[in-house]
Amino acid sequence: MEQTAIRGNRRSTMVDVAREAGVSLKTVSRVLNKESYVREETKTAVLDAAARLDYKLNQAARTLRAGTTQIVALLVNNPSRSYLENVHFGALAKCHELSMQLVLDECPNGVSDVRRILKSLSPVGLIVTPPLCDDPEVIELLEEQGCTYVLVAPVDPASTKYSVNMDDMAAAKEITDYLLKLGHSRIGYIRGHPDHGASVKRYAGYCDALRGQGIEPDPALIRQGYFDYASGLECAESLLNMDEPPTAIFASNDDMAAAIIAAAYRRNISVPGQLSVVGFDDTPIAGIISPHLTTIRQPIADLAANAVQLLSENIAQSFSSEQGETTIFLQHALIERDSAGVPAA
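Residues in the sequence shown are numbered from 63 upward in steps of one, following the numbering used here.
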């Protein structure tokens with residue numbers, strides 16, 4: 063049975079509503095699904111009980127019962143086209159496997175866009191990607207509407223019920239450690255979009271690696287990017303214009319790393335001979351640019367596919383009186399290619 067209202071340490075169920083109203087489970091289902099042939103006083107008793115328990119019918123389970131098309135909404139707001147292509151591919155493949163229909167919708171206006179999507183699509187469930195997954199207004203709306211949803215890479219997985227994640231901090235630390243082991247100590251860093259939780263975690267990993275070697279992060283070597291090529295290019299030019307530029311630059315996504323390599327090429331700076339460059343995500347551009355980019359492989363498509371699978375299981379569990387909490391972590395990998403080497407003598 064569907065669970066929406068929290069009672070003590072768990073959410074209320076249809077069983078609770080039936081017990082509170084003194085009627086059968088079948089009667090509760092008929093009332094909440096607005097079926098006919100229910101006496102008015104019985105209907106009132108059930109609705110009053112549901113209100114007292116703060117119970118709302120799960121839209122996902124209602125859709126499944128009706129046998130209608132299962133539409134999954136993939137909510138995104140990310141300037142990186144490579145990221146969007148990967149997350150879309152992973153979610154689409156899994157939806158096809160599960161006979162679900164995927165609708166990708168960009169939400170630059172946050173909660174107002176999400177409200178529009180809920181009204182126009184009535185999705186059976188939602189996959190919510192960064193930074194929307196960390197927007198309290200978005201989460202509040204989904205809870206109010208009794209939606210079934212899974213978050214992709216939220217800042218605090220422990221505070222959410224269903225999420226798929228990767229350890230961004232550990233990954234950023236690993237690739238910074240890689241540069242340190244090559245002999246770099248003056249490592250520039252281009253941060254990601256400030257609204258994305260991953261940006262905070264990746265910067266923390268960069269700082270942690272430096273401090274582990276007794277190096278205090280230098281604010282002069284840090285620039286604010288926005289996960290797009292244009293901001294990466296601007297930040298790269300700024301770093302390379304320094305009187306003492308860094309010997310290596312870590313960009314917090316591949317699009318910005320590609321921009322660094324382009325900026326270096328314009329200045330006849332050899333990569334990796336005079337400047338090492340590393341990125342994050344391992345999107346297709348990492349294997350296209352020259353030199354090929356050393357980067358962290360984030361399993362973006364797998365994160366999306368796992369989110370759809372978890373969403374499907376969550377919907378199925380809406381029919382039972384017990385629902386657990388699921389947090390999935392996928393592994394990253396350091397992909398060594400040609401863009402990083404030892405510092406120039």
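Ideal placement from N, C-alpha and C gives every residue a C-beta, glycine not left out.
- In the assembly as shown, alanine 80 is a buried residue. Its beta-carbon has 16 or more other beta-carbons within 10 Å.
- A check of alpha carbon separations from tyrosine 211 across Lys235, Leu392 and Asn376 identifies Asn376 as the nearest.
- Scanning Asn368, Ser374, Val339 and Ala395 for the CA closest to the CA of alanine 402 turns up Val339.
- Straight across, the Cα-Cα distance linking arginine 399 with isoleucine 277 is about 26 Å.
- Rounded to whole angstroms, the Cβ separation of phenylalanine 312 and isoleucine 237 is 7 Å, and the two are in contact under 8 Å.
- Nearest C-alpha to arginine 114 among Leu302, Pro279, Ala83 and Val93: Ala83.
- Unbroken beta strand (DSSP E) runs of no fewer than 3 residues, entirely contained in the region 255 to 343, are found at 284 to 286, 310 to 313 and 338 to 343, following chain order.
- Nearest neighbour of arginine 143 by Cα position, chosen from Pro346, Asn330 and Ala282, turns out to be Pro346.
- Counting C-beta atoms within 10 angstroms of its own C-beta, alanine 407 has fewer than 16 neighbours from the protein chains shown and is therefore classed as exposed.
- Fewer than three pairs of CB atoms, one per stretch, sit closer than 8 Å, so the region 174 to 188 makes no contact with the region 146 to 158.
- Taking a 10 Å sphere around the C-beta of arginine 101, we find fewer than 16 other C-beta atoms and assign the residue as exposed.
- In this structure, the straight-line span from the alpha carbon of alanine 112 to that of cysteine 209 is close to 17 Å.
- Shown here for arginine 248: same chain residues with a beta carbon closer than 6 Å to its own, the five before and five after excluded, namely Pro308 and Thr309 in chain order.
- A Cβ-Cβ distance of about 15 Å is found for the pair glycine 294 and isoleucine 331, leaving them out of contact under the 8 Å criterion.
- Cα atoms of alanine 260 and threonine 89: separation of roughly 47 Å, rounded to the nearest angstrom.
- Within a 10 Å sphere around the beta-carbon of phenylalanine 342 sit 16 or more other beta-carbons, which makes this residue buried.
- Here the alpha carbons of leucine 137 and alanine 320 stand approximately 26 Å from one another.
- By the C-beta density criterion, histidine 158 is exposed, having fewer than 16 other C-beta atoms within 10 angstroms.
- Less than 8 Å divides the Cβ of alanine 367 from the Cβ of glycine 152.
- Taken in chain order, the complete alpha helix (DSSP H) segments of 4 or more residues contained in the region 145 to 183 are 173 to 183.
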